[in-house]
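As given, the protein sequences belong to chains A and B, one line each in that order.
Everything in the first sequence is counted per the working numbering, starting at 9 for the first residue and increasing by one.
Everything in the second sequence is counted per the working numbering, starting at 9 for the first residue and increasing by one.
Every residue gets a Cβ at the ideal spot worked out from N, C-alpha and C, and that includes glycine.
Everything on this sheet refers to the single structure shown next.
Protein chains: 2
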Amino acid sequence: MVIVPNIQAMLFLCYMSEITYSYSQLYNFTTAVFSKIGCNESDAAAAKVLLSADLRGVDSHGVARLNGYVRLWDVKRVNATPQIKTIHETPSTAVVDGDSGLGLVVAPLAMKIAIEKALNVGTGWVSVQNSNHYGIAAAHAMMALEHDMIGISMTNASPLVAPTFSIDKMLGTNPICVAVPAGQQPAFVADLATTTAANGKLEILQRKNRDTPSGWVQDAEGNPSTDANILKKGGALLPLGGDREHGSHKGYALGAVVDIFSGILSGANYAPWVPPFPAYVPLPQKQPGKGIGHFFGAMRIDAFRPADEFKKDMDDWITGFRNAKPLPGHEKVLVPGDPEREMEIERMKNGIPLIEPVVEDLKKLAERFELAF
Amino acid sequence: MVIVPNIQAMLFLCYMSEITYSYSQLYNFTTAVFSKIGCNESDAAAAKVLLSADLRGVDSHGVARLNGYVRLWDVKRVNATPQIKTIHETPSTAVVDGDSGLGLVVAPLAMKIAIEKALNVGTGWVSVQNSNHYGIAAAHAMMALEHDMIGISMTNASPLVAPTFSIDKMLGTNPICVAVPAGQQPAFVADLATTTAANGKLEILQRKNRDTPSGWVQDAEGNPSTDANILKKGGALLPLGGDREHGSHKGYALGAVVDIFSGILSGANYAPWVPPFPAYVPLPQKQPGKGIGHFFGAMRIDAFRPADEFKKDMDDWITGFRNAKPLPGHEKVLVPGDPEREMEIERMKNGIPLIEPVVEDLKKLAERFELAF
C-alpha cells in the first residue's frame, strides 16, 4: 500500500505513546523468534522481509504481525521447515508449492525463480500455492531491481472486501506491486491494495475514535458506512473506487485478477475460501486449493531495449512528474515509492517507533522464548 | 472500460434520436473506408476491431471514431501501408515497430506474436512503439482466449489525467484489460480505464447538460469540479479513486505502470508527450519516442497447470461471485465482462444504435469516398 508515512506517524503520535527501536534491535529479535520456532538460518532471514514493512512505514505488516505468525505456527498452519518445490514449469513459468511455509520465506524463493527464468528467456512468471501471508508486496517485487528487471508481486488474502453490488465479502485486499528501475533517479515502486483503503488505515482511525471517509466501508447489510469498527460488526472494505458511480467495479476487477493469478493459476485457495491470518479464526469449510497464493513476475529490461536507454527515459519520466505543477498547498507531485523510500531513510537513521500494544506483544514473545527484548 | 451498457443506451435514448444499423452494414462500410485510404485487404479487417467496441457498448471507441482515424491519415499521422516489424526479441519478449500504422492493425499483429511466444516458452510479452489508437483493450486481450491463454492488453494515450496533487495533465486514461478463459462459464474479461470515469462518460453527461459526480474531474486550477465540460476549459480527468483520501494515488500508480510498460519499454512516447487523437491538435513539441505505445501479454494456462483443472476452478470462482448476496435493489453481483457480453449478444441480434452526430459523420465519409451508406 502506498501510504504517506509521515502523516501516519503523526496520527499515531496524537493518541498513543511510542517506543523507538533501532532496525538492528528489531531485526535480531525477529530472527531469533523465527529460529526458536524452528526456521533454519537462511529462512530466519524472513526477518528482513518482515522488517521492510516497518522501515517503509507500512506498520500494519511488520513486527506488529510477528506474534500472528507464531500463533499460526502454534496451530500448525505454518510449517517452519518447509520443503518448497517447483511442481510444474516451462522456460518462462513455474508453479511453486510452498509446503505451508511462512510466506516471508516462500515468496523470496519464488521471486528468485522468476528472476532466473528472466535471465534465461527474457521474463519469468511464478505462481505459488500452499503459502501463507508474505509481508509487503514491495519486498519481493523490488528484488528484481538490482538485476535491471521490472519486478511484479501480488498475493491473495482472506475475504474482507465486498465486490460492487455485493453484501458478501468475496476478496482480500489483494495488493499489487510493480517495481521499475531508473537511472540517476530512485526506482519507481507502486505498491497498492486494490481497495480504497487498507485495513491498517481503519485500525489507525479505530484508535482515534474517528470515522472513515465515505467510500471505504459498508455495513453488514451493505449500506454505506463511516464506522471504522464496521469489520468487527460484519461489514466489509470496499474495492478501490468505493461505489459503482466512482468506479468500484474497476477496483473489484483488479482484486479479482490478483486472486485468479495468485489462487487459481497456482492451485491455491481463492475468493472467499482463502485462509484467514488470525489463528483463532477457523479455516473455511470449503478449501478448493492449498493455502494462500502469490504471483510473481520479472521482466529483463534488455529483453525489450538497452537498459541504459530505458533508464534514461525513466529518469526523464520521473523528473517530468516531479516538476509537474502541484495543487495549492502541496509542495510537489510525488512519484510512486517516494514516501516509503523517504520513510526508510528516516527510520534506518532514527529508529522504528512501535506503539504500546505491539511492544507488549513482543515482550510476551521474548518471555515465551526466553529472549532478551 | 467496464460499462453497464444498458444504462448507457438508456441515457442516450433520453436525449437524442438514434438510428439502428446491423453489424454487417457497419462492418462492410468501415472495411470499405479503410480500403479507400489504402489499407490492404487483411488490414481492412481492422474494421472488426473497431466494431467490437460498438458491439460491446463502448460507443465512444467504435465507428464514432472512424472519421477521426481518417483525419489522422489526412495529416499523415497514420500510415495506411505500414511495414510492421519486430525490432528486438528474446524467447518470451518482442518489441514491435508499428511504422505509424493504425493501432487497429498493429495491435492484433503484436498480440499474435505474444501468443506465438507463449506457445513456445509458456508466456509472451510484446511492447509496441510507433503505433496509433488501438480501439478497445479487450479486442486484443480476448484473442488469447481461444488458445486457452490469459490475455493482457494495455495502451498509453494522450494526457487528459492529472496525477494526485497535480494540476498538470500527465497521463492518458491508460486502460488495462485482462481476459481469462473459463470452462462452462463465459470468460472473465476485466477492461478498465485507470481513471474514475472514462472520457466517453463525460460526453454522455455533456449531451444531457448534467453535472458529473464528485471525484471525476478537476478544473484548470486543480479545484474539485462537477462540470462535464471542464476538459474543454483546461480541466482534467482524475485517476481512479478521485482524490488522495479515496485512493487516487493508486489509480495514478496504475496509469503510470501502463504508461511505462507501453511507452518506455517500447521506445514510444510517454507521459504528457503522447500524441493526441484529434488530428487538429498539434503534436507535443517534445517527442521522446515514436508514436504511441501498447503492451500485450499472453500466458498459456497449461504453462502453470492443466487447463481443464484451471477452467473448472474458474467456473467455481465465477459461480461463487454470481451467487453472492446482492445489495438491495440489485438483482445479482456481476462478473467482469458480463455487461459487455450481454450487450454484444443484444446488438448482434437487434443492431447497433448510432446517435445523429455519428450518423452525419459517417454520411460525410460515404460522400467523400463515394460509398453507399
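Beta-bridge partners of residue i, as assigned by DSSP
i: Val134/A; result: Ala102/A, Phe304/A
i: Val197/B; result: Ala187/B
i: Met162/B; result: Ile184/B, Phe303/B
i: Val169/A; result: Leu179/A, Leu245/A
i: Val225/B; result: Ser233/B, Leu245/B
i: Ser174/B; result: Pro334/A
i: His96/B; result: Val103/B
i: Ile27/B; result: Leu362/B
i: Thr203/B; result: Pro247/B
i: Ser274/B; result: Note: Ser274/B sits in no beta bridge, so no partner.
i: Ser108/A; result: Its beta-bridge partners do not exist; DSSP assigns none.
i: Ser68/A; result: Paired residue(s): none; Ser68/A is not in a bridge.
i: Ser50/B; result: None; Ser50/B has no bridge partner.
Alpha carbon of residue i to alpha carbon of residue j, nearest angstrom
i: Ala17/A; j: Ser30/A; result: With a pLDDT of 47 at Ala17/A, under the threshold of 50, the modelled position of that residue is not reliable, and the figure given next carries that caveat. Approximately 16 Å, taken between the alpha carbons.
i: Ile27/A; j: Thr163/A; result: 31 Å
i: Pro13/B; j: Met351/B; result: Confidence is the limiting factor: at Pro13/B the pLDDT is only 45, short of 50, which leaves the residue's position unreliable and the question unanswerable from this model.
i: Leu63/A; j: Arg73/A; result: 14 Å
i: Ala122/A; j: Arg376/A; result: 38 Å
i: Val86/B; j: Leu110/B; result: 6 Å
i: Leu239/A; j: Phe196/A; result: 33 Å
i: Gly337/A; j: Gly255/B; result: 19 Å
i: Asn140/B; j: Gly242/B; result: 24 Å
i: Leu379/A; j: Val78/A; result: 15 Å
i: Ala126/B; j: Ala146/B; result: 19 Å
i: Asp105/A; j: Ile353/B; result: 41 Å
i: Ala52/A; j: Ser270/A; result: 24 Å
i: Asp235/B; j: Ser222/B; result: 10 Å
i: Ile363/A; j: Leu370/A; result: 11 Å
i: Val113/A; j: Ala54/A; result: 5 Å
i: Cys47/B; j: Leu59/B; result: 17 Å
i: Gly116/B; j: Asp67/B; result: Before going on, a small fix: residue 116/B reads as Pro here, not Gly. Looking at the two C-alpha atoms, the distance is approximately 20 Å.
i: Pro247/B; j: Met307/A; result: 26 Å
i: Val343/B; j: Val186/B; result: 13 Å
i: Gln193/B; j: Pro314/B; result: 17 Å
i: Asp316/A; j: His96/B; result: 15 Å
i: Ser233/B; j: Gly143/A; result: 38 Å
i: Phe42/B; j: Leu245/B; result: 32 Å
i: Asp199/A; j: Ser161/A; result: 9 Å
i: Gly65/A; j: Gln214/B; result: 43 Å
i: Lys333/B; j: Leu179/A; result: 14 Å
i: Phe37/A; j: Lys177/B; result: 47 Å
i: Ala276/B; j: Asn217/B; result: 37 Å
i: Ser174/B; j: Leu335/A; result: 5 Å
i: Pro183/B; j: Ile92/A; result: 37 Å
i: Thr220/B; j: Ala228/B; result: 16 Å
Endpoints, alpha helix (DSSP H) assigned at residue i
i: Phe37/A; result: 31–44
i: Pro280/B; result: Segment: none, Pro280/B is in no alpha helix (DSSP H) and carries neither H nor E.
i: Ile212/A; result: 207–216
i: Asn75/B; result: 74–82
i: Leu342/A; result: No alpha helix (DSSP H) holds Leu342/A; DSSP gives it neither H nor E.
i: Leu291/B; result: Unbroken run through Leu291/B: none, as it is neither H nor E.
i: Val266/A; result: 256–267
i: Ala311/B; result: Taken as a continuous stretch (DSSP letters only), Ala311/B belongs to no alpha helix (DSSP H), as it is neither H nor E.
i: Leu58/A; result: 54–63
i: Ala152/A; result: Per DSSP, Ala152/A belongs to no alpha helix (DSSP H) and is neither H nor E.
Range covered by the beta strand (DSSP E) that runs through residue i
i: Thr327/A; result: Counting along the chain, Thr327/A falls outside any beta strand (DSSP E), though it belongs to the alpha helix (DSSP H) covering 315–330.
i: Thr116/B; result: Strictly speaking, residue 116/B in this sequence is Pro, with Thr absent from that position. Counting along the chain, Pro116/B falls outside any beta strand (DSSP E), though it belongs to the alpha helix (DSSP H) covering 111–129.
i: Leu362/A; result: 360–363
When you check each C-beta in the stretch 236–256 of chain B against every C-beta of chain A, which residues fall closer than 7 Å? Leu248, Gly249, Gly250, Glu253, His254, Gly255
Listed in chain order, which residues of the stretch 322–339 of chain B have Cβ atoms closer than 8 Å to some Cβ of chain A? Met322, Asp324, Trp325, Gly328, Phe329, Ala332, Lys333, Pro334, Leu335, Pro336, His338
Which residues, taken in chain order from the stretch 89–109 of chain A, show a beta carbon closer than 7 Å to some beta carbon of chain B? His96, Thr98, Pro99, Ser100, Thr101, Val103
Quick one: which residues of the stretch 342–362 of chain B get their C-beta closer than 7 Å to a C-beta of chain A? List them in chain order. Leu342, Pro344
At a CB distance below 9 Å, what residues from the stretch 261–284 of chain B approach chain A? Give them in sequence order. Ala261, Leu262, Ala264, Val265, Asp267, Ile268, Phe269, Gly271, Ile272, Leu273, Ser274, Gly275, Tyr278, Ala279, Pro280, Trp281
Contact list for the stretch 61–81 of chain A against chain B, Cβ threshold 7 Å: none
Residues within the stretch 303–320 of chain B neighbouring chain A, beta-carbon criterion of under 8 Å: Met307, Arg308, Ile309, Ala311, Phe312, Arg313, Glu317, Phe318
Output needed in chain order: residues of the stretch 32–46 of chain B with a Cβ under 7 Å from some Cβ in chain A. none
The stretch 287–304 of chain A: which residues have C-beta closer than 8 Å to a C-beta of chain B, in chain order? Pro296, Gly297
Name, going along the chain, the residues of the stretch 111–133 of chain A whose beta-carbon falls closer than 9 Å to a beta-carbon of chain B. Lys125, Ala126, Asn128, Val129, Gly130, Thr131, Gly132, Trp133
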